[in-house]
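A.B. asks: Taking this note's numbering, I'd label the letters of the sequence shown as residues 11 to 210.
In this text, a Cβ means the ideal position worked out from N, Cα and C, and glycines have one as well.
Quick one: structure below, then a few questions.
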Amino acid sequence: MTIQQTQQTPTEDMAFMGRLRGYLEKSRVACELHIQACEKNGKVDALALAVYPQLQAIEDDIEERIRVITRQNLVWERWGRRVKGCGPMLLGAIMCRADIHRLNTVSSMWAHFGFAPGQKRVAGEKLDFDLTGKTWCWRQGAQFLRYDCKFREVYDDRKAYETTTWERQGGTIVPGAKGKTLKATERAAGHIHARALRYM
């Protein structure tokens with residue numbers, strides 16, 4: 011019996027590259043943290059030092075492949091390349107996590123990335139969204155904040171709205187409140203930022 015082989019589609023290539031890049035990033039970061047821990051203890055791990063640049067090189071190669079595939083996609087051609095702050099690597103990383111043939115509505119796309127109302131991580135429960143994909147969406151959002159673009163305008167407007175709404179209710183915004191217990195009338199500046207970023 012002969013098995014007929016067919017070429018993978020660009021969508022399948024993209025999905026595979028995305029998974030592979032995720033594994034490589036975790037391995038590279040783990041190696042980097044190990045090297046730093048060794049240095050802190052006055053030790054040297056020659057094997058880790060030898061492996062680290064190899065992991066970085068492979069990760070860079072995979073990222074370039076993702077950029078190439080992304081630039082051939084209509085999403086990039088008709089939208090991404092015209093948007094300030096949207097590069098082929100970040101857009102490609104998000105596209106890697108989304109099968110548009112299955113996620114064919116806006117609401118299903120939001121739910122897939124964990125942005126539907128009520129979606130959150132609960133200890134001991136299986137996630138009902140793609141955590142890696144959500145992370146890439148947050149990274150893209152952070153990238154938009156660096157540019158003078160329409161998405162930055164949306165963020166600024168929403169942040170102002172969140173701030174004034176909270177203050178009208180008699181609340182105060184506390185800077186640098188991470189790790190502190192806030193009063194019922196207080197809200198962390200980072201919380202306001204996160205709400206505006208999510209909205210954007």
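Please state whether the Cβ-Cβ distance between Gly-143 and Ala-108 is less than 8 Å.
C.D. replies: By 1-based counting over the sequence shown, the position of residue 143 is 133. By 1-based counting over the sequence shown, the position of residue 108 is 98. In contact: Gly-143 and Ala-108 (Cβ atoms closer than 8 Å).
A.B. asks: Is Trp-89 buried or exposed, if buried means 16 or more other CB atoms sit within 10 Å of its CB?
C.D. replies: Taking the sequence shown and counting its residues from 1, the one referred to as residue 89 is at position 79. By the neighbour-count rule (16 or more Cβ atoms within 10 Å), Trp-89 is not buried but exposed.
A.B. asks: Along the chain, where does the beta strand (DSSP E) that runs through Gly-196 open and close?
C.D. replies: Here residue 196 refers to the residue found at position 186 of the sequence shown. Before going further, note that residue 196 is Glu rather than Gly in the sequence given. 196-198 is the extent of the beta strand (DSSP E) around Glu-196.
A.B. asks: Would you check if there are 3 or more beta carbon pairs closer than 8 Å linking the region 92-109 to the region 17-32?
C.D. replies: yes
A.B. asks: What are the boundary residues of the beta strand (DSSP E) that Val-184 is part of?
C.D. replies: As a first step, residue 184 must be located in the sequence shown, where it is residue number 174. Start and end: 182-184.
A.B. asks: May I ask you to report which of helix, strand or coil DSSP gives Thr-173?
C.D. replies: The residue labelled residue 173 in the question sits at position 163 within the sequence shown. Of the three classes helix, strand and coil, the one that applies to Thr-173 here is helix, per DSSP.
A.B. asks: Should the region 174-186 be called in touch with the region 198-209, which here means at least 3 C-beta pairs below 8 Å?
C.D. replies: yes
A.B. asks: Can you grab the Cα-Cα spacing for the pair Thr-175 / Phe-125, in whole Å?
C.D. replies: Residue mapping note: residue 175 aligns to position 165 of the sequence shown, counting from 1. Residue mapping note: residue 125 aligns to position 115 of the sequence shown, counting from 1. In a straight line, the C-alpha of Thr-175 is about 22 Å away from that of Phe-125.
A.B. asks: According to DSSP, simplified to helix, strand and coil, what is Gln-153?
C.D. replies: Position 143 of the sequence shown, counted from the first residue, corresponds to residue 153. In the structure shown, Gln-153 sits in a helix (DSSP, three-state: H, G or I).
A.B. asks: Going by the CB atoms, is the gap between Tyr-209 and Arg-168 shorter than 8 Å?
C.D. replies: In the sequence shown, residue 168 corresponds to position 158, counting from 1. In the sequence shown, residue 209 corresponds to position 199, counting from 1. Yes, the Cβ-Cβ distance between Arg-168 and Tyr-209 is below 8 Å.
A.B. asks: Just to confirm, is the Cβ distance from Cys-41 to Ala-25 under 8 Å?
C.D. replies: By one-based count along the sequence shown, residue 41 stands at place 31. By one-based count along the sequence shown, residue 25 stands at place 15. Contact flag unset, no.
A.B. asks: Excluding five sequence neighbours on each side, which residues of the same chain lie with their C-beta closer than 8 Å to the C-beta of Leu-101?
C.D. replies: As a first step, residue 101 is located in the sequence shown; it is residue number 91 there, counting from the start. Around Leu-101: Thr-80, Val-85, Trp-86, Gly-90 and Gln-150.
A.B. asks: DSSP on Met-119, reduced to helix/strand/coil?
C.D. replies: Locating residue 119 in the sequence shown gives position 109, counting from the first residue. Helix.
A.B. asks: From the DSSP output, in three-state form, read off Met-105 for me.
C.D. replies: Indexing the sequence shown from 1 puts residue 105 at position 95. In the structure shown, Met-105 sits in a helix (DSSP, three-state: H, G or I).
A.B. asks: Three-state secondary structure (DSSP) at Phe-26?
C.D. replies: Walking along the sequence shown from the start, residue 26 turns up at place 16. Looking at Phe-26 - three-state DSSP - the assignment turns out to be helix.
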